[in-house]
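> Per the working numbering, the sequence shown starts with residue -3, numbered consecutively. Beta carbons: idealized from backbone N, C-alpha and C, even for Gly. There's a structure below that I have some questions on.
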Amino acid sequence: CHFPGTFFITTSGNTVTENVGAMVFELEQATYLLGLMAGKMTRSKVVGLVGGMEIPSVESTFIAFEAGAKSGCPDCRVLRTYTGSWEDSALAREATLAQISQGADFIFHNANEAGPGVFQAVSESQSKGVYAFGSNKNQNDEAPDVILASAVIDLPAAFVQIAEQVYNKTYKAGVTRFGLRSGVISMVVNPKLQSKIPADAAHLIEETKSKIMNGSLEVPRGNF
């Protein structure tokens, strides 16, 4: 192999060679918990999903969110909109307002830089009791009055874990999966809004998190 003394790590895909490994972030485990929170708290029984480009990794987080929502509210309706853009926050805002007009009161986005458009629309609809969720990083402070929680990937922590294995000469190139159990993936509740979460819902979420971490609950995800 080229550069035999060096390991190369990718953050997407699953290509593996003698010195090329991959990291897979199971964000679905956190988005399932967000969906469960939405399902337990929705008053309208309508929740929404707003994505950028329709790609397998984003759809997979939506599959998990929907499963979580249906676990908490079996007869909930889940709206799904892809804007086709990672950057156009105006489009994301319009898509979110359209979902709110259809009754959605909890909305999760996976739209990268267009996400602020979702938060803007939810903030404009705050009087209707609408809440949003952040994705990929802790976005709770971006709209602290309406973002209830975020599904978070701690990328530096993942690299540190791999680097420690390389340093200790225990790393073998392969696909390394990071879920809730690793600490790299987490569901972070906005402390400002924590009191909005009913005690029974909070208890169920913690119980479900434990089941995911000990392997007794497998979160649905896309095939990619």
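Assuming contact is defined by CB atoms lying nearer than 9 Å, are E55 and P216 in contact in what I supplied?
The residue given as residue 55 occupies position 59 in the sequence shown. The residue given as residue 216 occupies position 220 in the sequence shown. Result no, Cβ atoms of E55 and P216 do not sit closer than 9 Å.
> Since F21 and F61 are thought to touch, with beta carbons under 8 Å apart, how far apart are those beta carbons, to the nearest angstrom?
Here residue 21 is taken as the residue at index 25 of the sequence shown, counted from 1. Here residue 61 is taken as the residue at index 65 of the sequence shown, counted from 1. Contact doesn't hold; Cβ gap of about 15 Å is too wide.
> Might you give, ordered along the chain, the residues of its own chain that have their beta carbon closer than 8 Å to the beta carbon of P194, omitting 5 neighbours on each side?
In the sequence shown, the residue the question calls residue 194 occupies position 198. Once the five neighbours on either side are set aside, the close Cβ partners of P194 are K36 and M37.
> Using 8 Å for Cβ pairs, my map puts A88 next to V46. What's the rounded Cβ distance?
Numbered from its first residue, the sequence shown carries residue 88 at position 92. Numbered from its first residue, the sequence shown carries residue 46 at position 50. Yes, A88 and V46 are in contact; Cβ-Cβ is about 6 Å, under 8 Å.
> Just curious, the alpha helix (DSSP H) that L30 is in, first and last residue?
Stepping through the sequence shown from its first residue, residue 30 is reached at position 34. Note, L30: alpha helix (DSSP H), E24 to M37.
> Tell me, please, which residues DSSP counts as bridged to T77.
Taking the first residue of the sequence shown as 1, we reach residue 77 at position 81. According to DSSP, T77 bridges with V46.
> Give the list of continuous beta strand (DSSP E) stretches no shorter than 3 residues that lie fully inside the stretch 48 to 119.
Correct list: 73 to 78 and 102 to 106.
> What span of residues does the beta strand (DSSP E) with L176 cover, start to end?
Locating residue 176 in the sequence shown gives position 180, counting from the first residue. From DSSP, L176 is part of no beta strand (DSSP E); its letter is neither H nor E.
> Quick check on the burial criterion: 16 or more other C-beta atoms within 10 angstroms. Buried or exposed for Q190?
Counting from one through the sequence shown, the residue named residue 190 turns up at place 194. Burial call: exposed.
> So, using beta-carbon positions, are S67 and S8 closer together than 9 Å?
Residue 67 sits at position 71 when you count from the first residue of the sequence shown. Residue 8 sits at position 12 when you count from the first residue of the sequence shown. The answer is no: Cβ separation not under 9 Å.
> Locate the alpha helix (DSSP H) running through Q191, then write down its first and last residues.
In the sequence shown, residue 191 corresponds to position 195, counting from 1. Reading the sequence as shown, one finds Ser at residue 191 and not Gln. Looking at the DSSP string, S191 is not in any alpha helix (DSSP H), and its letter there is neither H nor E.
> Please work out which residues of its chain come closer than 7 Å, Cβ to Cβ, to W82, disregarding the five sequence neighbours upstream and downstream, and give them in chain order.
The residue labelled residue 82 in the question sits at position 86 within the sequence shown. Around W82: G48, M49, A107, N108, E109 and A110.
> Can you find the residues in the same chain that come closer than 7 Å, C-beta to C-beta, to L30, ignoring five residues on each side of it along the sequence?
Translated into the one-based positions of the sequence shown, residue 30 becomes position 34. Contacts found: F61, G64, F104, F129, A145, A147 and M183.
> How is the alpha helix (DSSP H) around L213 delimited, first residue to last?
Taking the first residue of the sequence shown as 1, we reach residue 213 at position 217. No alpha helix (DSSP H) holds L213; DSSP gives it neither H nor E.
> Distance check for K41 and S85, CA to CA, integer angstroms please.
Within the sequence shown, the letter at position 89 stands for residue 85. Within the sequence shown, the letter at position 45 stands for residue 41. Distance between the alpha carbons of S85 and K41 is about 26 Å.
> Count the other C-beta atoms from every protein chain shown that fall within 10 angstroms of the C-beta of I51, then say buried if there are 16 or more, exposed otherwise.
Residue mapping note: residue 51 aligns to position 55 of the sequence shown, counting from 1. Looking at its Cβ environment, which holds fewer than 16 other Cβ atoms inside 10 Å, I51 is exposed.
> Leaving out five residues before and five after Y167 in sequence, what residues of the same chain have Cβ atoms less than 7 Å from its Cβ?
Residue numbering aside, residue 167 sits at position 171 when the sequence shown is read from its first letter. Result list for Y167: F3, I158 and Q161, in chain order.
> Going by other Cβ atoms of all chains shown within 10 Å of its Cβ, with 16 needed for buried, is Q135 buried or exposed?
The residue labelled residue 135 in the question sits at position 139 within the sequence shown. Result: buried.
> Straight-line CA distance for S123 to V74?
Position 127 of the sequence shown holds residue 123. Position 78 of the sequence shown holds residue 74. Rounded to the nearest angstrom, the two C-alpha atoms are 21 Å apart.
> With V43 and F102 assumed to form a contact (beta carbons below 8 Å), what rounded beta-carbon distance in angstroms separates them?
The count along the sequence shown starts at 1 and reaches residue 43 at position 47. The count along the sequence shown starts at 1 and reaches residue 102 at position 106. That belief holds up - the Cβ atoms of V43 and F102 are roughly 5 Å apart, short of 8 Å.
> Going by beta carbon distance, what residues of the same chain come within less than 6 Å of L93, once the five residues before and after it are set aside?
The residue labelled residue 93 in the question sits at position 97 within the sequence shown. The residues are A117.
> Can you name, in chain order, every residue of its own chain whose Cβ lies under 7 Å from the Cβ of Q98, other than the five neighbours on each side?
Reading the sequence shown from its first residue, position 102 is the one you call residue 98. Taken in chain order, the residues that qualify are V42 and L75.
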